[in-house]
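S.K.: For what it's worth, my numbering labels the leading residue of the sequence shown as 2, then goes sequentially.
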Amino acid sequence: MKETAMTRFLDATDVARLVGGIGVQAAIVQLADHIRQDFLRWESFEKSARLASHSPLGVIELMPVTDGVQYAFKYVNGHPRNAQHAMPTVMACGMLAEVETGFPLMLADLTLATALRTAATSALAARAMTRHGAATMALIGNGAQAEFQSLAFHALLGVSEIRAYDIDPHATAKLVRNMAGVPGLTIVPVKSVRAALAGADIVSTVTADKTRATILTPDMVQPGVHLNAIGGDCPGKTELHPAILEGARIVVEYAPQTRLEGEIQQLPADAPVTELWQVLAGHAPGRAAADEVTIFDSVGFALEDYSALRWLYAASHAHHAGQHIELVAMPPDPRNLYGWMTEAQAGGEVGVREVAVA
Ligand code: NAD
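#1: Buried or exposed, going by whether 16 or more other CB atoms sit within 10 Å of the CB of H35?
#2: To the nearest angstrom, how far is the alpha carbon of E47 from that of L228?
#3: Restricting to runs no shorter than 4 residues, where is the alpha helix (DSSP H) found entirely within the region 194-258?
#4: Between the alpha carbons of P224 and I203, how many angstroms are there, rounded?
#5: Can you tell which of A282, V66, P335 and D271 has its C-alpha closest to the C-alpha of L97?
#6: At which residues does the beta strand (DSSP E) containing M92 begin and terminate?
#7: Do the region 146-162 and the region 115-126 meet, that is, are 3 or more Cβ pairs less than 8 Å apart?
#8: Do you know whose CA, among K238, I188 and A230, lies nearest D210's CA?
#9: Spatial neighbours of H242 within its chain, please: CB distance less than 8 Å, with the 5 preceding and 5 following residues excluded, ordered by chain position.
#10: Return the chain-ordered ranges of every alpha helix (DSSP H) run that is complete within the region 94-135 and spans a minimum of 4 residues.
#11: Under the rule that 16 or more other beta-carbon atoms within 10 Å means buried, what is R124, buried or exposed?
#12: In whole angstroms, give me the CA-to-CA distance for Q146 and S54.
#13: What does the alpha-carbon distance come out to for the pair V252 and A139?
#14: Could you check what DSSP says for Q266 in three-state terms: helix, strand or coil?
#15: If you measure between the beta carbons of L111 and G95, is that distance less than 8 Å?
#16: Please list the segments of the beta strand (DSSP E) lying wholly inside the region 28-87, counting only runs of 3 or more residues, in order along the chain.
#17: Would you decide whether H80 is buried or exposed? Buried here means 16 or more other CB atoms lie within 10 Å of its CB.
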């Protein structure tokens, strides 16, 4: 196909409107399907642990991945104290490019997409790991990710009751308010972690603190429960007491990265873990017995962001979302960058070249 070589650009509002038009639950279901498809192509991807730059208050990470046809990367931060500056803990943007030419196909805000893909991946893992008939989830940490986790477990597993706890009661009140109109989903605010866990088949920990936190202790974890551990995603940043990990079945996204960043950083480097793609492909069980404690030790992997970008790219075409921008210089004569620059400086019509894009 011949098309003008412009990059599709989706800013944060474009993505919000796109997701709003599709519907959040429908978007999560579509995205979960994209993630599943890509994890089933695991061997096709060139993978690496993300590149992290740590500072006293946070982390900034670059997350690349490619299947040899498309290349994707995400820029993302994690700053648990950002709320003090009226900024989100997690902010992200990313790019999808074609490998054949290196041309950037799309540049997009990925803050919302990160919440959607994290929730979709959690629910995909839980669907393969949770006891049959699970209907109640404890949700510890009711910040920015909380609604998306709630909706993903509702849409993909049929969870109907969420027992919500946060050290900040305003966060829980916000969750209750935002989920009030969702048919078939009840948010029950509670006053402690223990109260949240009462009768819960699934426990999601989604807190933010740049420390070795102990949100759950072994005495709180009942046989057969599934733990969806989201907030421990950096060296020195965990949520589970290490004794919970011993004896549990642990599934991770990409073991080389999770051994550095996940709950399992607290275990010996050779502790047995299973990668999610193996479970989704049916090569390994997500759960072997009804009384087994299962843990999805999520840190967030670049492949999920590739899936999110791939989904956003298709959805933005279908719904005519975003705009086309001249992100990279595209001189009509590709070897005459200088001539193109002088024309641009003179205010002339610099034009764009026609190229073939997929
Ligand atoms: P956020 O700052 O918006 O919300 C975090 C919430 O946790 C806040 O409401 C805070 O009050 C609460 N909290 C902190 N300590 C707590 C405690 N001890 N008990 C109960 N609640 C507590 O952050 P967010 O964007 O919702 O992200 C939550 C966590 O998930 C962060 O740690 C983030 O790094 C992580 N995260 C992981 C992935 C992944 O792929 N695994 C993706 C996105 C975010």
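Ideal Cβ placement from N, Cα and C applies to all residues, glycine included.
M.R.: According to the structure shown:
#1: buried
#2: 29 Å
#3: 194-198 and 243-246
#4: 11 Å
#5: V66
#6: M92 -> no beta strand (DSSP E), and no H or E assigned at all.
#7: yes
#8: K238
#9: T215, L217, T218 and P219
#10: 112-130
#11: Rather than Arg, the amino acid found at residue 124 in this sequence is Ala. By the 10 Å Cβ count, A124 comes out buried.
#12: 23 Å
#13: 19 Å
#14: helix
#15: yes
#16: 52-56, 59-67 and 71-79
#17: buried
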